[in-house]
Amino acid sequence: MNRNDCNLRSHLGRIHNMVEVMYTSQRQQRATRSNQIKPEKKREFHEAAIECIIRDGRPFGDFHRPGMSKFLNVICPG
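Residue 0 is where the sequence shown starts when you use numbering that gives the first Met the number 0, and the numbers rise one by one after that.
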């Protein structure tokens, strides 16, 4: 039986930062995607956006409310 371990290697490299187990082609793909938002940061943005909507009861277009200000401060401090 032929078992493919590409997905496992990719998972270990991406999620557990075990780049050494990835195939060369997987490492090259990872290098070209390095400018993407990290999952942890994306989750933080998502949670801040949800809190903003719930807290203010407003649409995303309302940038002057406290919740939106907090959201913007999370994605771009200062």
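Ideal Cβ positions, reconstructed from N, Cα and C, are used throughout, including at glycine.
Residues in the same chain with beta-carbon distance under 6 Å from residue i, minus the five sequence neighbours each way, listed in chain order, please.
i, result
"D91", "An answer regarding residue 91 cannot be provided, because it is not within the stretch 0 to 77 covered by the chain."
"F44", "I74"
"I49", "none"
Nearest-angstrom Cα distance between residue i and residue j?
i, j, result
"Q25", "S9", "7 Å"
"E39", "M17", "17 Å"
"Q28", "N3", "18 Å"
"K41", "F70", "12 Å"
"N6", "M21", "10 Å"
"P58", "K37", "25 Å"
"I52", "I14", "30 Å"
What would DSSP say about residue i, mapped onto helix, strand or coil?
i, result
"N1", "Summary for N1: the model assigns pLDDT 46, below 50, so the residue's position carries little reliability; its value from the coordinates is reported in the next sentence. Coil, per DSSP."
"P58", "coil"
"H10", "helix"
Spatial neighbours of residue i within its chain, please: C-beta separation below 8 Å, excluding the five flanking residues on both sides.
i, result
"D61", "D55 and M67"
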